[in-house]
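Asks: After the structure tokens below, expect a handful of questions from me.
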Amino acid sequence: MGMEKMSRDRKMKRTRQKKVTAVQKLYDTCREVFANCGPGVVPPPQGIELLKDILNGMTAPDVGVWPNMPYFRVKETSRFPKITYLHLSDCDKFSIGIFLLPPSGVLPLHNHPQMTVFSKLLFGTMHIKAYDWVDDGASISMPKVDSSKGEVGPVSVRMAKLKVNSAFTAPCNASILYPTDGGNMHCFTAVTACAVLDVLGPPYCDPEGRHCQYYRTHPFTCFSVDDKKLPDDKKIEDYAWLEEIDKPAGLSVVGAMYNGPKIIAK
């Protein structure tokens with residue numbers, strides 16, 4: 001009877017394990033990985049790898065999204081087709097959500113202050129362009145150089161280095177950016193309909209100074225400053241000046257109900 005009971009217990013354990021959905025496992029792991037983190041604090045390497053492995057194995061059906069959903073139908077012709085955001089979960093330590101971008105949808109260049117961010121492209125082809133600050137210095141005010149008009153300005157800018165400038169097609173592994181490395185400022189451009197599962201730790205929080213800042217890029221050659229010259233072995237095209245701007249006019253990110261497998265908050 002003892003052996004039979006052990007066998008039943010093992011079967012019941014396997015049954016319970018099968019009932020844990022991929023998105024629930026993601027949530028539970030986020031709670032564990034970000035438990036002792038905060039603004040600017042990167043999770044330990046083993047936590048990073050654990051979350052990355054879970055995200056790498058996730059697919060669109062795991063979160064109930066599909067390329068034929070109505071969110072991907074572009075009805076108007078504009079610079080910024082409407083983007084939909086599905087909120088899955090958030091707390092003061094992390095947030096989980098999905099961005100649904102129709103073809104030609106753009107999330108303009110923006111930052112992730114003091115955050116570690118995991119992004120998993122669930123389907124589609126997306127171009128990602130990302131930058132990191134060259135140093136921790138503040139923005140500087142400089143006259144803009146225009147070949148036809150001479151100096152125009154001044155403009156407040158800060159130097160950044162290009163980290164990513166490539167198209168990605170699902171299935172592909174999750175990307176990770178860090179508070180000061182990995183392309184903390186990035187721009188998403190949908191080549192086809194795309195779904196991106198995002199984990200932010202910690203999430204944006206205006207009262208705590210973590211608001212989403214947008215940027216305009218200027219070629220490195222637009223400005224001329226004596227102490228901001230590149231070494232001879234650096235490529236000018238890998239550097240740019242970033243100017244803080246208001247949220248671009250016409251950009252529309254609209255929240256919608258998440259109808260995928262439910263998450264049980266603990």
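Numbered by full-length UniProt numbering, the letters in the sequence shown go through residues 1 to 266 in order.
Built from N, CA and C at the ideal position, the CB exists for glycine as well.
Does DSSP classify Tyr71 as helix, strand or coil?
Replies: As a working note, residue 71 is residue 71 in the sequence shown. Here Tyr71 sits in helix by DSSP.
Asks: Considering just the uninterrupted stretch of the beta strand (DSSP E) at Ala240, what are its terminal residues?
Replies: Position 240 of the sequence shown holds residue 240. Segment 239–245, the beta strand (DSSP E) holding Ala240.
Asks: Quick one: give me the first and last residue of the beta strand (DSSP E) that Lys120 is part of.
Replies: For the purposes of this step, residue 120 is taken as the residue at position 120 of the sequence shown. 116–123 is the span of the beta strand (DSSP E), which, as asked, contains Lys120.
Asks: Expressed to the nearest angstrom, what Euclidean distance is found between the alpha-carbon atoms of Lys19 and Arg158?
Replies: Translated into the one-based positions of the sequence shown, residue 19 becomes position 19. Translated into the one-based positions of the sequence shown, residue 158 becomes position 158. For Lys19 and Arg158, the distance between alpha carbons rounds to 50 Å.
Asks: Relative to the C-alpha of Leu107, which residue among Ile264, Phe220, Tyr215 is closest?
Replies: Locating residue 107 in the sequence shown gives position 107, counting from the first residue. Among Ile264, Phe220, Tyr215, the Cα nearest to that of Leu107 belongs to Tyr215.
Asks: Please go through the stretch 10–58 and give each complete alpha helix (DSSP H) segment of 4 or more residues, from N-terminal end onward.
Replies: Listed in chain order, they are 22–33, 45–56.
Asks: Identify which residue in His127, His87, Ile140, Tyr131 has its Cα closest to the Cα of Ala256.
Replies: The residue labelled residue 256 in the question sits at position 256 within the sequence shown. Looking at the Cα atoms, His87 is the closest of the given residues.
Asks: Helix, strand or coil for Asp90? Go by DSSP, reduced to three states.
Replies: Here residue 90 is taken as the residue at index 90 of the sequence shown, counted from 1. Strand, per DSSP.
Asks: Would DSSP call Cys222 helix, strand or coil?
Replies: Here residue 222 refers to the residue found at position 222 of the sequence shown. The answer is helix: DSSP assigns Cys222 an H, G or I state.
Asks: For the stretch 206–214 and the stretch 124–133, state whether three or more C-beta atom pairs, one from each stretch, are separated by less than 8 Å.
Replies: Result no; under three Cβ-Cβ pairs closer than 8 Å.
Asks: Leaving out five residues before and five after Val42 in sequence, what residues of the same chain have Cβ atoms less than 8 Å from its Cβ?
Replies: On the sequence shown, residue 42 is found 42 positions in, with the first residue counted as 1. Result list for Val42: Ile48, Thr116, Tyr178, Pro179, in chain order.
Asks: Comparing alpha-carbon positions, which option in Ile96, Pro45, Leu101, Val196 lies nearest Val253?
Replies: For the purposes of this step, residue 253 is identified with residue 253 of the sequence shown, where counting begins at 1. Among Ile96, Pro45, Leu101, Val196, the Cα nearest to that of Val253 belongs to Leu101.
Asks: Out of Cys30, Arg73, Tyr71, state which residue places its alpha-carbon closest to the alpha-carbon of Leu55.
Replies: For this step, residue 55 is matched to residue 55 along the sequence shown. With distances taken between Cα atoms, Leu55 lies closest to Cys30.
Asks: Check whether the Cβ atoms of Phe94 and Leu251 lie closer than 7 Å to each other.
Replies: The sequence position of residue 94 within the sequence shown is 94, counting from 1. The sequence position of residue 251 within the sequence shown is 251, counting from 1. Contact: no.
Asks: Hey, out of Thr21, Asp181, Lys266, Ala160, whose CA is closest to Lys235's CA?
Replies: For the purposes of this step, residue 235 is taken as residue 235 along the sequence shown, with counting starting at 1. Answer by Cα proximity: Ala160.
Asks: If distances are taken between C-alpha atoms only, which option among Pro207, Ala195, Gln114 comes closest to Asn68?
Replies: What you label residue 68 is simply residue 68 of the sequence shown in a count that begins at 1. Taking only the C-alpha atoms, the option nearest Asn68 is Ala195.
Asks: With a threshold of 7 Å on Cβ separation, who are the neighbours of Pro203 within its own chain once the five nearest residues in sequence on each side are excluded?
Replies: Looking up residue 203 in the sequence shown gives position 203. These residues qualify, in order along the chain: Asp90, Phe94, Ser95.
Asks: Say the cut is 6 Å; is the CB of Leu101 nearer than that to a heavy atom of the ligand GDP?
Replies: Only the bare structure without any ligand can be found here, which leaves the ligand GDP out of the picture.
Asks: Tell me whether Cys172 is buried or exposed, calling it buried when 16 or more other Cβ atoms sit within 10 Å of its Cβ.
Replies: Within the sequence shown, the letter at position 172 stands for residue 172. Its Cβ having fewer than 16 others within 10 Å, Cys172 is exposed.
Asks: Closest to Asn259 by C-alpha separation, out of Asp238, Val63, Pro154, Glu243, would be which residue?
Replies: Translated into positions along the sequence shown, residue 259 becomes position 259. Closest by alpha carbon: Val63.
Asks: Can you give the beta carbon distance from Gly124 to Ala35, rounded, assuming they're within the 8 Å contact cut?
Replies: On the sequence shown, residue 124 is found 124 positions in, with the first residue counted as 1. On the sequence shown, residue 35 is found 35 positions in, with the first residue counted as 1. Actually they do not touch by this definition, with Cβ atoms about 33 Å apart.
Asks: Measuring alpha carbon to alpha carbon, tell me which of Glu32, Phe168, Asn111 ends up nearest Leu242.
Replies: As a working note, residue 242 is residue 242 in the sequence shown. The shortest C-alpha separation from Leu242 is found at Asn111.
Asks: Let's test the definition: count the other Cβ atoms within 10 Å of the Cβ of Ser141 and tell me whether it reaches 16, buried, or not, exposed.
Replies: Within the sequence shown, residue 141 is the residue found at index 141, counting from 1. It is exposed - the Cβ of Ser141 has fewer than 16 other Cβ atoms within 10 Å.
Asks: Grab the span of the beta strand (DSSP E) containing Leu200 for me, first residue to last.
Replies: If you number the sequence shown from 1, residue 200 lands on position 200. Residues 194–201.
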